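As structure tokens, the structure follows; a few thoughts come after it.
Protein chains: 4
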Amino acid sequence: MIALNQTSRTPIYQQIIQQVLAQIACGLLRQNQQLPGVRSMAIDLGINPNTVMKAYAELERDGYIYSIAGKGSFVAETEQSPNLLHRKKLDEIKESLASSLPYGVTKEELLAIVEALYREEESV
Amino acid sequence: MIALNQTSRTPIYQQIIQQVLAQIACGLLRQNQQLPGVRSMAIDLGINPNTVMKAYAELERDGYIYSIAGKGSFVAETEQSPNLLHRKKLDEIKESLASSLPYGVTKEELLAIVEALYREEESV
Amino acid sequence: MIALNQTSRTPIYQQIIQQVLAQIACGLLRQNQQLPGVRSMAIDLGINPNTVMKAYAELERDGYIYSIAGKGSFVAETEQSPNLLHRKKLDEIKESLASSLPYGVTKEELLAIVEALYREEESV
Amino acid sequence: MIALNQTSRTPIYQQIIQQVLAQIACGLLRQNQQLPGVRSMAIDLGINPNTVMKAYAELERDGYIYSIAGKGSFVAETEQSPNLLHRKKLDEIKESLASSLPYGVTKEELLAIVEALYREEESV
DNA sequence: GTGGTCTAGACCACA
DNA sequence: GTGGTCTAGACCACA
Chain S
265 MIALNQTSRT
275 PIYQQIIQQV
285 LAQIACGLLR
295 QNQQLPGVRS
305 MAIDLGINPN
315 TVMKAYAELE
325 RDGYIYSIAG
335 KGSFVAETEQ
345 SPNLLHRKKL
355 DEIKESLASS
365 LPYGVTKEEL
375 LAIVEALYRE
385 EESV
Chain R
265 MIALNQTSRT
275 PIYQQIIQQV
285 LAQIACGLLR
295 QNQQLPGVRS
305 MAIDLGINPN
315 TVMKAYAELE
325 RDGYIYSIAG
335 KGSFVAETEQ
345 SPNLLHRKKL
355 DEIKESLASS
365 LPYGVTKEEL
375 LAIVEALYRE
385 EESV
Chain A
265 MIALNQTSRT
275 PIYQQIIQQV
285 LAQIACGLLR
295 QNQQLPGVRS
305 MAIDLGINPN
315 TVMKAYAELE
325 RDGYIYSIAG
335 KGSFVAETEQ
345 SPNLLHRKKL
355 DEIKESLASS
365 LPYGVTKEEL
375 LAIVEALYRE
385 EESV
Chain F
265 MIALNQTSRT
275 PIYQQIIQQV
285 LAQIACGLLR
295 QNQQLPGVRS
305 MAIDLGINPN
315 TVMKAYAELE
325 RDGYIYSIAG
335 KGSFVAETEQ
345 SPNLLHRKKL
355 DEIKESLASS
365 LPYGVTKEEL
375 LAIVEALYRE
385 EESV
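Protein chains in written order, with the working numbering: chain S, 265 to 388; chain R, 265 to 388; chain A, 265 to 388; chain F, 265 to 388.
Here it is, written out as structure tokens:
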């Protein structure tokens, strides 16, 4: 369920976090659903269990998942998680677009990109 | 001419690179124009000359500037730099937007962000 | 595995680059093989880790090796590296010879040098 | 008579030295022939007179030229200059070729390069 | 352990 | 003055 890019600059534990969050945001992971075990995911991905631990710990710290000793890790029950993640993503996008204005990007270009994006989507 | 964010996790030398590129892209820095010296920029920004050197070295390796020991560093002569940078930025944006679709971002939301962005711009 | 010439005016980090490339070109270093760590090589060569880092960083920028923070540096997977390096070297030689023609170097002299070179080789 | 490459990594004063030597080696500059004045060459090349001075000083130190205060600089009378330069160049070539053997360059490839070089020459 | 960033500061060649 | 190399050493995140 997780696809790692070992050579990427993005740390592995971050990649795990991002993908778990994306799956929560899009509904692929639902409330109280159990996540793969630390050891099993580590084996699946061919990485160190500590790395998975680190990802889960951060997800738990931020309230997206909860862990029960001896049972495993589960998606948190907070209704708003998907919405919250959605909103955070929008903020991220806004910031990223704002930072690219100094490069001379025009409104028309951005609108064209957005249109193209969803045209591709529809045809898929 | 360069504004650093010391708290950001983006390395300082990368921030310098990005801002120099932005200034080339938007025409603020022109062909063959001399850049601030390694030492003088370091003093201005309150950082170590090596850090500026690292930024300049990478900009030179990528062909955006050229350095002549004993004379200084200058914006490269490639006519296309601004256009190329502009296009690269658009590709970056496209990729970044595509990667946020799994979060359930809608077309309307993106269009709204773009509109808002340029409304702010105009009023400035 | 690396032999430095401390008195040469060729920078140390360049010497490292050249020798790593030569070892890739001749097959001594193979795909995905791990390179010595930045620190261990620095100690072996009696130089500063930063100098090794500089060499590795440039090798990575040029696609010959890849580094994963926390794991190490490895020879890149590009099949063609050896051939490409080989061809580049030939181009270099051709250019260097062409530039020495103005000195009145004759074909016979060059042929003699080449013959001598491989006669020595064989006897080794 | 001198063609500079301002952006080259080779220092300007070295470029001057190399080109003067090449011209002595190939007979373009003859014994006791007067070299361009320091100032006039500096103006021609658009560089600092000190840089030309440095080149001439090194040429004089190595015995290739001599200077007479108030008159100018002249090609030295040593008969052997051209031969000596010729021999030095051959040594350089030998060394450079030797250093490229680790890249897996074969005798056949070198012979082919030499042949090609003089075939082009002839046709010119 | 690994690589990556950064400082402080020396020293060099070049213009 | 300029850029370029290098040392010594700290500190960080990651595996």
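Glycine residues also receive a C-beta, built at the ideal position from the N, C-alpha and C atoms.
Bear in mind that the values here come from a model prediction, so they are computed numbers and not experimental data.
Compute the distance between the beta-carbons of residue i and residue j, then report whether it is under 8 angstroms.
{"i": "Leu349 (chain S)", "j": "Ile377 (chain R)", "result": "no"}
{"i": "Gly301 (chain F)", "j": "Gly336 (chain F)", "result": "yes"}
{"i": "Gln282 (chain R)", "j": "Phe338 (chain R)", "result": "no"}
{"i": "Glu343 (chain A)", "j": "Asn296 (chain A)", "result": "no"}
{"i": "Ala321 (chain R)", "j": "Thr315 (chain R)", "result": "no"}
{"i": "Tyr328 (chain S)", "j": "Leu285 (chain S)", "result": "yes"}
{"i": "Ala362 (chain S)", "j": "Leu381 (chain R)", "result": "yes"}
{"i": "Tyr277 (chain A)", "j": "Thr271 (chain S)", "result": "no"}
{"i": "Leu293 (chain F)", "j": "Ile266 (chain F)", "result": "no"}
{"i": "Ser360 (chain R)", "j": "Ser360 (chain S)", "result": "yes"}
{"i": "Arg236 (chain R)", "j": "Arg325 (chain A)", "result": "Residue numbering for chain R in the displayed model covers 265 to 388; residue 236 (chain R) lies beyond these limits and cannot be assessed."}
Buried or exposed: where does residue i fall if 16 or more other Cβ atoms within 10 Å of its Cβ makes it buried?
{"i": "Pro346 (chain F)", "result": "buried"}
{"i": "Lys318 (chain R)", "result": "buried"}
Give the single residue among the options whose Cα lies nearest to the Cα of residue i.
{"i": "Ile332 (chain A)", "options": "S:Leu268, S:Met265, S:Arg273 and S:Ile266", "result": "S:Arg273"}
{"i": "Lys371 (chain A)", "options": "F:Arg383, F:Pro275, F:Thr370 and F:Ser360", "result": "F:Arg383"}
{"i": "Leu323 (chain F)", "options": "F:Ser387, F:Ser304, F:Gln279 and F:Glu385", "result": "F:Gln279"}
{"i": "Lys358 (chain A)", "options": "F:Glu379, F:Met317 and F:Arg325", "result": "F:Glu379"}
{"i": "Ile311 (chain F)", "options": "F:Asp326, F:Arg325 and F:Pro275", "result": "F:Pro275"}
DSSP state of residue i, grouped into three classes?
{"i": "Tyr320 (chain S)", "result": "helix"}
{"i": "Tyr330 (chain S)", "result": "strand"}
{"i": "Ser337 (chain F)", "result": "strand"}
{"i": "Gln298 (chain R)", "result": "strand"}
{"i": "Ser387 (chain A)", "result": "helix"}
{"i": "Leu361 (chain F)", "result": "helix"}
{"i": "Ser252 (chain S)", "result": "This structure cannot settle anything about residue 252 (chain S), because the visible part of chain S is limited to 265 through 388."}
{"i": "Val369 (chain S)", "result": "coil"}
{"i": "Arg273 (chain R)", "result": "coil"}
{"i": "Thr342 (chain S)", "result": "coil"}
{"i": "Leu381 (chain S)", "result": "helix"}
{"i": "Ala267 (chain R)", "result": "coil"}
{"i": "Ile280 (chain R)", "result": "helix"}
{"i": "Asn312 (chain S)", "result": "coil"}
{"i": "Leu292 (chain F)", "result": "coil"}
Quick check: is any heavy atom of the ligand SAM less than 7 angstroms from the C-beta of residue i?
{"i": "Arg383 (chain A)", "result": "As far as ligands go, the structure on display features none, and thus does not contain the ligand SAM."}
Inset, instruction - Take every Cβ of the region 271 to 290 of chain R, pair it with every Cβ of the region 363 to 382 of chain S, and state whether three or more of those distances are shorter than 8 angstroms. - result: yes
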